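This report refers to the structure that appears directly beneath it.
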Amino acid sequence: MSTLIPVVETFVSLQGEGPSAGEPALFLRLANCNLSCEWCDTRHSWDWDTFAKTEEVESVTSPELVERLLRELPPHVNLLVLTGGEPLLHQRAVVSVLAELRVQRPDLRIEVETNGTVPPTPPMRDLVHLFVVSPKLANSGIAEKRRVRISVLTEFATLPSVLKFVVEAPLEVVEAAAVAEAGGFDRKRVWLMPQTTSAAELGSLVAILAPAAINAGFKVSSRLHILAWGETRGT
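Using numbering that gives the first Met the number 0, read the sequence shown as starting at 0 and increasing by one per residue.
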């Protein structure tokens, strides 16, 4: 019997963040998360005290999901972004989906957005082109021992991966730098992203963070989907 995969949504949009920003992509958002960040903008994927899981999540088999993704993937789009929630909670169920997609679409690149607390299995490592790892800082409201697992980050550091930190103030760049160094990431692989879902605030926050990013040797990510569509699902 095929393991059911909890799908929150699939949609085609622009990747708004990180190294692939600006590139068209098909997004696959899976349900559930092992963290609960105070500022999370996708709470509908895990906060079942606020959202009705029966309304937000569709449980599908691997063959059903493969068929759905191939149907929704435009021929000129060759990037799949697996996100959540925390998608690596379901990696054993989803790995067969990714493997079949790679067979059907050899040109497809797969990115996984993860919080960096769940280590990828060997099959997952082989299938994914880039892990975008987002360790959470103190601004998430989560205890450090839950949100930062250095042993897992050092595993990701050996794979095609980058770090993407959600930051609210320049002083947090120091905290991000300490996590990156402990995890074995070169500064050229580190991105900072403003914590906001407001297009009006985004530009000013980038300007505030830019000097600290330059001094640290980090890259800065915008949030293009916020600029284009605001805080809207399916973008």
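The beta-carbon is built from N, C-alpha and C at its ideal position, and this holds for glycine as well.
Remember, it's a predicted structure, so these values are computed and weren't measured experimentally.
Below 8 Å on the Cβ atoms is my guess for residue i versus residue j; work out the distance and round it to an integer in Å.
| i | j | result |
| --- | --- | --- |
| residue 92 | residue 2 | 4 Å |
| residue 169 | residue 207 | 6 Å |
From this set, the options, which residue's C-alpha is nearest residue i's C-alpha?
| i | options | result |
| --- | --- | --- |
| residue 109 | 77, 140, 120, 85 | 77 |
| residue 165 | 195, 155, 67 | 195 |
| residue 151 | 133, 58, 94, 192 | 133 |
| residue 25 | 55, 57, 82, 56 | 82 |
| residue 80 | 12, 33, 61, 31 | 12 |
| residue 181 | 193, 192, 169, 155 | 155 |
| residue 183 | 98, 204, 161, 218 | 161 |
| residue 135 | 126, 63, 121, 113 | 113 |
| residue 225 | 208, 210, 192 | 192 |
| residue 34 | 212, 140, 158 | 140 |
| residue 261 | 149, 98, 204 | Nothing in the structure corresponds to residue 261, since the chain is present only between 0 and 234. |
Taking the C-alpha atoms as reference points, what is the distance between residue i and residue j?
| i | j | result |
| --- | --- | --- |
| residue 123 | residue 153 | 16 Å |
| residue 228 | residue 234 | 7 Å |
| residue 6 | residue 146 | 24 Å |
| residue 32 | residue 94 | 18 Å |
| residue 70 | residue 106 | 16 Å |
| residue 30 | residue 211 | 34 Å |
| residue 62 | residue 104 | 15 Å |
| residue 15 | residue 23 | 9 Å |
| residue 37 | residue 142 | 12 Å |
| residue 260 | residue 209 | Residue 260 falls outside the range modelled here, since the chain spans only 0 to 234, and no answer is possible. |
| residue 128 | residue 223 | 22 Å |
Can you find the residues in the same chain that come closer than 7 Å, C-beta to C-beta, to residue i, ignoring five residues on each side of it along the sequence?
| i | result |
| --- | --- |
| residue 19 | 78, 110 |
Who are the Cβ neighbours of residue i in its own chain at under 6 Å, not counting the five residues just before and after it?
| i | result |
| --- | --- |
| residue 17 | 131, 163, 190, 220 |
| residue 138 | 167 |
| residue 58 | 3, 5 |
| residue 230 | 196 |
Enumerate in chain order the residues of its own chain whose CB-to-CB distance from residue i is below 8 Å, with the five nearest sequence positions on each side excluded.
| i | result |
| --- | --- |
| residue 68 | 9, 25, 27, 79, 96, 100 |
| residue 186 | 176, 179, 215, 216, 217 |
Given 8 Å, three or more beta-carbon pairs between the segment 196–203 and the segment 157–176 = No contact exists between the segment 196–203 and the segment 157–176.
Okay, do the segment 65–75 and the segment 44–51 touch, 3+ Cβ pairs below 8 Å being the bar?
-> These segments do not touch.
Are there three or more Cβ pairs, one per stretch, closer than 8 Å when the segment 112–119 is compared with the segment 83–100?
-> Touching, per the Cβ criterion.
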